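Chains as they are written, first to last, in my numbering: chain Z, 3 to 429; chain D, 9 to 174. Ideal Cβ positions, reconstructed from N, Cα and C, are used throughout, including at glycine. Given the structure is predicted, the values throughout are model-derived calculations rather than measurements. What follows is a single structure, written as structure tokens, with notes after it.
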Amino acid sequence: MDFLKDPVAFIAKVLSDLLAAFLPAPVVSVLLLIVGVVVVASFSLVLPLFLIWFERRVVGYMQDRLGPNRVGPEGLLQTIADAIKLMIKEDITPYGADKVVYNISPVLAVIAVISMWAVVPFAHNIIGTDLNVGALYIVSVGSLGTLAIMLGGWASNNKYALLGAFRTVAQLVSYEVPMILSLLVPVLLARSMGLNDIVKAQDVWFIFLAPVAAFIFFTTSVAEVGRTPFDLLEAESEIVAGFHIEYSGMKFGMFFVAEFLHAFTVGALTAVLFLGGWRGPGAETYPLLGVVYFMIKAFGGYFFVILMRAALPRIRIDHMLDLNWKFLTPLALGAIVVIALADKAMEPWLQTLQPGIAPWARGGVLLLANLLLVLVTYLLLSNSARRMRRAAERGASGGDGAGHHDEHHEEAPAAPAHGEAHTAPAH
Amino acid sequence: MTALQIIFLIAAAATLISGLMVVTARNLVHAALWLIAALFSVAILFVLLEAGFLAAVQVVLYIGAIAILIIFAIMLTRRVMQDTGPQTNQQWWVGAIIAVALFAALFVVLQQVVYPEVTTAIPPDSLKALGNSFVDPNQYMLPFELASVLLLAAMIGAIAVAGDKK
């Protein structure tokens, strides 16, 4: 029964009783911490073995083919075979590469993703460490991943890798802005940056209170992973493989693992921030049930990432920047202002309601506020689209056909020019 | 010596060594990487002081934004891989004198400080107190708002400088 109520504390007690017989107390507590770190890190390192199989099968199904189904039951062991293949491949360091940086980069990429799992709450008492700045911590270790990709691209001594690194900065640094802004919304609603507190505050899931922020967070997180439709950093048809073009063997494997784990982490973070994390019937009394709920929600989010990958084409680079700076960032700023004002304004009114109804009333009002925001955004967007269309028509009827071209260039920021400008001197 | 002191010594040594490497590394990107290492060690020092918020902000701002911007600027402006050169110019001795003088001044001043001993534990809601103090007129609201206006002005200025001239 004790195990069912609080499994981590139970296991920790059993272990410490076992070790206390022949080790001093401080050493035991340090050892227990190390065991905890190893358990969380190994969990998140072994998970991609399953994720890669899962994703290949789902994408295969969507594209009307089979996917891996030969090695092991339903092809489950295919990833292990692939991993062994990667490990025994020749490890190549390109001529002129910066050896130290070249080797650090894949390690850093994996570290950045695994570190995120330190603050993810699996259940109300199963959590690596309940930091009171959890949301900020997620952002800060996420930026290490950007650094890893940049360094890998730079150290490879390859112009395509370097182009991938340039695109990385353009994309990942830009999309960090609306991601952090949308991350602020659940923090505002929960009045806390601790991820466990955010989960506990979700009497009504935050996706209903802040659908706009949830949408922005999910989209920008997918862009942070660099997945289709945002896979510009490794666009095969344009820059061969981008930043990891020179990596082979397990070093490439580490980038691969980091990407898949990061994609799943996006699902997990969306579940924690917007889908109520481990919450569900009976999760308070039986934490293991909470783990099940959390994993189901996380896989739901991850499934959406896969669907996006299988269904959408790659976004063009100027559209990618436009989408970020002209749509997601202003929308995120608007969402913060609307939510903060609405939530604060109705606080006195909520206190007059019965405690059972208050969260639902709050949810209803905030949902309405969000719908209003969506409506205003839609009107603004359709208005500007109409104006662009008119300008294009005027240009076309003018006979020279340059109107459309000019319009396009005005809209596009310097990005495409950037990309082209650097192709030449990179020789 | 407690475990805390050992970790502090390691982190402090890492900060100093990486700081030294920043100014002595021949390759500009390596210097930027050592800068990241130095900033990260400072974040560890913040963690040791139980200032988790400062540590996270240190990593977000200095590594996630500033260091990446520095590396990006180096990549864009210099010849990418063969970028090595002398670490110093003819003003190195001025810099050395200023550094030594600053160290001496700090050393003398810090010797005289009587450090108050904190006996109570840090309250768990110190982060909330920090947030409240930023918007409390009796505490730091004015400097906080001034900094916000300054940042906004800088941002508008950057857009004005970089934007298309029409």
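TODO: Note down, in chain order, each residue of its chain lying with its Cβ closer than 7 Å to the Cβ of Z/H410, except the 5 sequence neighbours on either side.
DONE: Since pLDDT at Z/H410 reaches only 45, below the 50 mark, its modelled position is unreliable, and no value is offered.
Task: Simplified DSSP assignment, three categories, for D/N35 - done: Note: D/N35 maps to strand in three-state DSSP.
Task: Z/F12 to Z/I128 span [Cα, whole Å] - done: Approximately 11 Å, taken between the alpha carbons.
Open item on the list: Less than 8 Å between C-beta atoms, sequence neighbours within five positions excluded: which residues of the same chain meet that for Z/V61?
Closed with: The residues are G69, I308, R311 and A312.
- [ ] With Z/A363 as the anchor, note down where its alpha helix (DSSP H) starts and where it stops.
- [x] According to the DSSP assignment, Z/A363 belongs to the alpha helix (DSSP H) that extends over A360 to S399.
Task: Cβ-Cβ distance between Z/F210 and Z/L25 below 9 Å - done: No.
- [ ] Report the residue from D/V37, D/L24, D/L57 and D/A170 whose alpha carbon sits nearest the alpha carbon of D/Q13.
- [x] Of the residues D/V37, D/L24, D/L57 and D/A170, the one whose Cα lies closest to the Cα of D/Q13 is D/L57.
Task: Proximity test, Cβ basis, 9 Å: Z/N134 and chain D - done: Yes, contact with chain D.
- [ ] Using the Cα positions of Z/L271 and Z/A394, report the straight-line distance between them to the nearest angstrom.
- [x] The alpha-carbon atoms of Z/L271 and Z/A394 are separated by roughly 42 Å.
TODO: Apply the 10 Å Cβ neighbour rule to Z/F219 and answer buried if 16 or more other Cβ atoms are within range, or exposed otherwise.
DONE: Note on Z/F219: 16 or more other CB atoms within 10 angstroms of its CB, so buried under the neighbour-count rule.
- [ ] Could you check if Z/D2 is buried or exposed, using at least 16 other CB atoms within 10 Å of its CB as the buried criterion?
- [x] Since the first residue shown for chain Z is 3 and the last is 429, residue 2 of chain Z is missing from the structure and cannot be characterised.
- [ ] Thinking Z/L153 and Z/V103 are a contact (beta carbons under 8 Å), I'd like their distance in whole angstroms, please.
- [x] With a contact defined as Cβ atoms closer than 8 Å, Z/L153 and Z/V103 qualify at about 5 Å.
Task: Assigned secondary structure, Z/P332 (DSSP; H/G/I helix, E/B strand, else coil) - done: DSSP places Z/P332 in helix when its eight states are reduced to three.
Task: Neighbour flag for D/M83 against chain Z, beta carbons, 9 Å - done: It does; some Cβ of chain Z falls within 9 Å.
TODO: Express the C-alpha separation of Z/D84 and Z/H406 in angstroms, rounding to a whole number.
DONE: Confidence at Z/H406 is low in this model, with a pLDDT of 45, below 50, so the placement of that residue should be treated as unreliable; the coordinate-derived value is given next. Whole-angstrom Cα-Cα distance: 49 Å.
Open item on the list: Any beta carbon of chain Z sitting closer than 9 Å to that of D/F80?
Closed with: Yes, its Cβ sits closer than 9 Å to a Cβ of chain Z.
- [ ] Report yes or no: do the segment 160-177 of chain Z and the segment 320-337 of chain Z share at least 3 C-beta pairs separated by less than 8 Å?
- [x] Taking one beta carbon from each stretch, the segment 160-177 of chain Z and the segment 320-337 of chain Z have 3 or more pairs nearer than 8 Å; the two touch.
Open item on the list: Which same chain residues end up closer than 8 Å to Z/G228 when comparing Cβ atoms and leaving out the 5 residues on each side of it in sequence?
Closed with: The beta carbon of Z/G228 sits closer than 8 Å to the beta carbons of I151, T170, Q173, L174, L234, L235, E236 and E261 from its chain, once the five residues preceding and following it are set aside; these are given in chain order.
Open item on the list: What are the residues in the segment 154-184 of chain Z lying within 8 Å of chain D by C-beta distance?
Closed with: Going along the segment 154-184 of chain Z in chain order, one finds W156, N159, L164, A167, F168, V171, V175 and E178 with a Cβ nearer than 8 Å to chain D.
Open item on the list: Here's the rule I'm using: 16 or more other beta-carbon atoms within 10 Å means buried, otherwise exposed. How should Z/F257 be labelled?
Closed with: Under the 10 Å beta carbon count, Z/F257 is surrounded by 16 or more other beta carbons and is classified as buried.
TODO: Measure from the C-beta of D/N35 to each C-beta in chain Z and report whether the shortest distance is under 9 Å.
DONE: The Cβ of D/N35 sits closer than 9 Å to at least one Cβ of chain Z.
Open item on the list: I'd like to know if D/V122 contacts chain Z, where contact means its C-beta is closer than 9 Å to some C-beta of that chain.
Closed with: Among the CB atoms of chain Z, none fall inside 9 Å of the CB of D/V122.
Task: Residues that Z/S142 contacts on chain D, provided the C-beta gap is smaller than 7 Å - done: Under the 7 Å cutoff, chain D gives A64, V67, V68 and G72.
Task: Sequence-distant residues of its chain with Cβ nearer than 6 Å to Z/G284 (five each side left out) - done: Result list for Z/G284: L291, in chain order.
Task: chain D contact residues for Z/L138, given Cβ-Cβ distances below 8 Å - done: Around Z/L138, the beta-carbon contacts reaching into chain D at under 8 Å are F61, A64, V65 and V68.
- [ ] Determine, using beta-carbon pairs with one atom in the segment 183-196 of chain Z and one in the segment 134-142 of chain Z, whether at least three such pairs fall under 8 Å.
- [x] Touching, yes.
TODO: Can you give me the Cβ contacts of Z/A243 inside the same chain, cut-off strictly under 6 Å, excluding the 5 residues immediately before and after it?
DONE: So the qualifying residues of the chain are E236.
TODO: Quick one: which residues of the segment 16-46 of chain D get their C-beta closer than 9 Å to a C-beta of chain Z? List them in chain order.
DONE: For the segment 16-46 of chain D, the set of positions with a beta-carbon nearer than 9 Å to some beta-carbon of chain Z reads N35, V37, H38, L41 and I44 in chain order.
Task: Local Cβ density within 10 Å of Z/K253, reported as buried at 16 or more and exposed below that - done: Burial state of Z/K253 is buried, judged by a 10 Å Cβ sphere holding 16 or more other Cβ atoms.
Task: Coil, strand or helix - Z/T124 by DSSP - done: Looking at the sequence provided, one finds Phe at residue 124 of chain Z rather than Thr. Of the three classes helix, strand and coil, the one that applies to Z/F124 here is strand, per DSSP.
Open item on the list: What does DSSP give as the partner residue(s) for Z/I129 in the beta ladder?
Closed with: Assignment of beta-bridge partners to Z/I129 by DSSP yields Z/P123.
Open item on the list: So, with DSSP's three-state summary, where would you put Z/T81?
Closed with: Helix.
- [ ] Indicate the three-state DSSP secondary structure (helix, strand or coil) for Z/D324 in the structure shown.
- [x] In the structure shown, Z/D324 sits in a helix (DSSP, three-state: H, G or I).
Task: Bounding residues of the alpha helix (DSSP H) (the contiguous stretch that carries Z/T234) - done: It should be noted that the sequence gives Leu, not Thr, for residue 234 of chain Z. Taken as a continuous stretch (DSSP letters only), Z/L234 belongs to no alpha helix (DSSP H), as it is neither H nor E.
TODO: For the alpha helix (DSSP H) holding Z/H246, just list the boundary residues, first then last.
DONE: Counting along the chain, Z/H246 sits inside no alpha helix (DSSP H), nor does DSSP assign it H or E at all.
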